[in-house]
Amino acid sequence: MIFVNCLVRGGTVRDTISEDDFLRAISKLKVLGSGFEVITMGKRKLVRSVPTELNKDHNEILELAQAQGFVTVDEVQKRLNWSSGRTTDALETLLEEGFAMIDDGRRDGKRRYWFPCVSSVSTYVGAATL
Numbered sequence: 011m012i013f014v015n016c017l018v019r020g021g022t023v024r025d026t027i028s029e030d031d032f033l034r035a036i037s038k039l040k041v042l043g044s045g046f047e048v049i050t051m052g053k054r055k056l057v058r059s060v061p062t063e064l065n066k067d068h069n070e071i072l073e074l075a076q077a078q079g080f081v082t083v084d085e086v087q088k089r090l091n092w093s094s095g096r097t098t099d100a101l102e103t104l105l106e107e108g109f110a111m112i113d114d115g116r117r118d119g120k121r122r123y124w125f126p127c128v129s130s131v132s133t134y135v136g137a138a139t140l
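Numbering (the numbering used here), first residue to last: 11 to 140.
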């Protein structure tokens, strides 16, 4: 559920926008060729706002990242049975297109690719205590 505050004469009105309202608005933008569209990733919906074509590899990494908000190269290789080159290519594309952020500050020295577009606030809170 999304809430929007609207200023009206004499005060503020809080209106509720349903998921259907949101999806219809995004679909109307798509007609204009703006690059906005809704993509279903597992149980979540992702609003793509950049005109990048996500392929099957990108989608699989995004689905994998939903569990904890990030992935490592080793994790992608093991869980998806991919080669190092395939994993690196897909992660670098997601990084270049703004889907991922790099975290090199971990004690274990393993680079993590964080995906704010598919993770929730509770994921970040839990990860901060690790």
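Don't be surprised by glycine CBs; every beta carbon is placed ideally from N, CA and C.
Here the structure is a predicted model, which is why all the values come from computation and not from measurement.
According to the DSSP assignment, Thr97 belongs to the alpha helix (DSSP H) that extends over Ser94 to Glu106. Judged by their CB atoms, Arg122 and Thr97 are not nearer to each other than the 7 Å cut-off.
The bridge partners DSSP lists for Val41 come to none. Residue nearest to Gly52 within the set Ala35, Gly119 and Leu72 is Leu72 (criterion: CA-CA distance). In terms of Cβ geometry, Trp124 and Gly79 form a close pair [threshold 7 Å]. Excluding its 5 nearest sequence neighbours in each direction, Asp67 has C-beta neighbours in its own chain below 6 Å: Ala100, listed in chain order. In the three-state reduction of the DSSP assignment, Val128 falls in the coil class, being assigned neither a helical nor a strand state. The beta-carbon separation of Arg89 and Leu104, rounded to 16 Å, does not stay under the 8 Å limit for a contact. Annotation: the continuous beta strand (DSSP E) that includes Asp113 extends over Met111 to Asp113.
Taking the Cβ atoms as the reference, Val128 lies roughly 20 Å from Gln87, outside the contact range of under 8 Å.
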